[in-house]
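Have a look at the structure below before the remarks.
Protein chains: 2
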Amino acid sequence: MLDEHDIFKDYLKQYNLRYTPQRKLILDVFLQQSGHVHIDDIHIRVRDQDPTIGIATLYRTMKLLVESGLAEMHTFNEKTTYERLFQVRHHDHLICIVCDKTVEFEHPLIEKYQLEACERYDFTLKSHRMTLFGICKECQK
Amino acid sequence: MLDEHDIFKDYLKQYNLRYTPQRKLILDVFLQQSGHVHIDDIHIRVRDQDPTIGIATLYRTMKLLVESGLAEMHTFNEKTTYERLFQVRHHDHLICIVCDKTVEFEHPLIEKYQLEACERYDFTLKSHRMTLFGICKECQK
DNA sequence: CTCCTTTTTGATAACGAATATCAATATAGT
DNA sequence: ACTATATTGATATTCGTTATCAAAAAGGAG
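Given below as structure tokens:
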């Protein structure tokens with residue numbers, strides 16, 4: 004059974020890239036996080052384990068993770084975040100505009116109507132991004 | 004009947020701000036555009052009519068247009084664009100990942116299910132952003 | 001292991017979009 | 001016309017991200 008490290012290794016091999024300790028560490032740290040992770044958070048945790056790792060390597064590796072299909076990049080609120088993405092069903096996001104809390108949800112019918120809209124305009128759907136902005140229960144008080 | 008200039012004037016007056024020639028010009032240019040406009044495009048057209056206008060004023064004014072509800076800011080592909088937004092129904096976007104062509108569409112049922120999802124998680128929906136990425140008819144050839 | 005080639009690394013410079021600063025200018029109200 | 005306040009344009013600054021580059025590391029071949 005393939006795990007994320009195997010997928011990453013395969014991707015790297017495919018492009019004659021190397022599975023280095025730095026790349027392994029960054030992937031490890033990334034996988035320990037959940038939800039949407041800002042690169043600064045990853046940076047802090049990576050440096051806890053290896054203070055010599057440079058910020059450039061982190062950016063380069065995150066890019067590789069995106070290209071290999073393990074992570075997805077988002078730019079919701081001017082801050083780039085990365086999200087784990089492996090065998091995960093399509094899902095959308097609900098974001099609180101007050102506290103930035105993020106909830107993931109999915110709605111099969113929405114998917115269906117997205118396809119419908121694409122067909123109407125002769126587009127081949129490749130991916131989608133739906134984000135709902137609102138105020139969560141706690142912040143409404 | 005209120006037009007955009009009146010709305011802008013009202014907004015400015017409300018905050019003790021002034022309806023200056025620069026602001027009027029930028030709004031004029033913005034309104035002549037259609038769809039999603041990059042700030043550089045607006046800059047070029049504004050400078051055609053008044054080469055003395057500074058970039059800072061342009062950014063400041065675009066921010067005011069957003070705050071006054073006349074424009075909406077998007078950050079689709081790392082490039083910030085502004086979209087005219089006046090008495091416009093909710094709509095979503097369909098973007099070609101090859102040529103960047105953008106199509107607007109709306110789908111009432113999608114809206115309905117968005118609300119549904121919000122209720123499920125005790126969120127009060129404030130706005131949404133749905134973007135479908137695909138390949139348009141021309142680019143499929 | 002040793003040699004050689006290619007990739008990777010970390011430090012740092014560079015970039016670019018957006019914002020802050022500030023003195024000079026324009027505006028609105030008296 | 002006068003005064004107080006807002007606005008402007010030029011420019012410096014910020015900050016996230018990317019490019020550069022010499023040194024280090026990794027993978028093969030012998």
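As given, the protein sequences belong to chains A and B, one line each in that order.
Under our numbering, the first sequence has 52 at position 49, and the numbering climbs by one with no breaks.
Under our numbering, the second sequence has 35 at position 32, and the numbering climbs by one with no breaks.
Just so it is clear, CB atoms sit at the ideal spot from N, CA and C, and this is done for glycine as well.
What you are looking at is a predicted structure, and each value in this text was computed from that prediction instead of being measured.
- As the crow flies, the alpha-carbon of Ile100/B is around 16 Å from that of Glu122/A.
- Under a criterion of Cβ atoms nearer than 7 Å, no residue of chain A is adjacent to Arg63/B; the nearest Cβ is some 17 Å distant.
- In summary, the residues of the segment 118-144 of chain A whose CB is separated from some CB of chain B by less than 8 Å are Glu119, Ala120, Cys121, Arg123, Tyr124, Asp125, Phe126, Thr127, Leu128, Lys129, Ser130, His131, Arg132, Met133, Thr134, Leu135, Phe136, Gly137, Ile138, Cys139, Lys140 and Gln143, in the order they occur in the chain.
- A residue is called buried when at least 16 other Cβ atoms come within 10 angstroms of its Cβ; Thr23/B does not meet this threshold and is exposed.
- Per DSSP, Val106/B is one residue of the beta strand (DSSP E) stretching across Thr105 to Phe108.
- In this structure, Leu73/B sits near Leu88/B, with a CB-CB distance shorter than 8 Å.
- At a cut-off of 8 Å, the C-beta of Cys102/A has no neighbouring C-beta in chain B.
- Residue pairing by DSSP places Arg132/A opposite Thr134/B in a beta bridge.
- Contact between Asp6/A and Lys140/B does not hold, since their C-beta atoms are separated by about 40 Å, which reaches or exceeds 8 Å.
- Between Thr134/B and His96/B, the C-beta gap is smaller than 8 Å, which places the two residues in contact.
- The three-state secondary structure of His8/B, taken from DSSP, is helix.
- The C-beta distance from Phe136/B to Lys144/A rounds to 37 Å, too long to meet the 8 Å contact threshold.
- For His96/B, the secondary structure class from DSSP, reduced to helix, strand or coil, is strand.
- Apart from sequence neighbours up to five positions away, the residues of its chain that approach His131/A with a beta-carbon distance below 6 Å are Gln117, ordered along the chain.
- Secondary structure at Arg26/A: helix, using DSSP grouped into helix, strand and coil.
- For Leu68/B, the closest Cβ of chain A is not nearer than 8 Å.
- Under DSSP, Thr83/B takes part in a beta bridge, and its partners are Thr78/B.
- Identification of chain B residues near Val106/A by a Cβ-Cβ cut-off of 8 Å yields Tyr124 and Phe126, ordered along the chain.
- Ile113/B has a beta carbon lying within less than 8 Å of a beta carbon in chain A.
- By the criterion of at least three beta-carbon pairs nearer than 8 Å, the segment 101-113 of chain A is not in contact with the segment 53-67 of chain A.
- Using a CB distance cut-off of 8 Å, His110/A counts as an interface residue toward chain B.
- If you look at Val40/A, you'll find it in the beta strand (DSSP E) that goes His39 to His41.
- At least 8 Å separates the CB of Leu88/B from every CB of chain A.
- Flagged as an interface residue toward chain A: Thr78/B, by a C-beta distance shorter than 8 Å.
- With respect to chain B, the C-beta atom of Tyr22/A has no partner C-beta closer than 8 Å.
- If you draw a straight line from the Cα of Gly38/B to the Cα of Asp31/A, it is about 43 Å long.
- Tyr85/A is outside the set of residues whose beta carbon lies under 8 Å from a beta carbon in chain B.
- For a Cβ distance threshold of 8 Å, nothing in chain B lies close to Tyr14/A: the least Cβ distance comes to about 21 Å.
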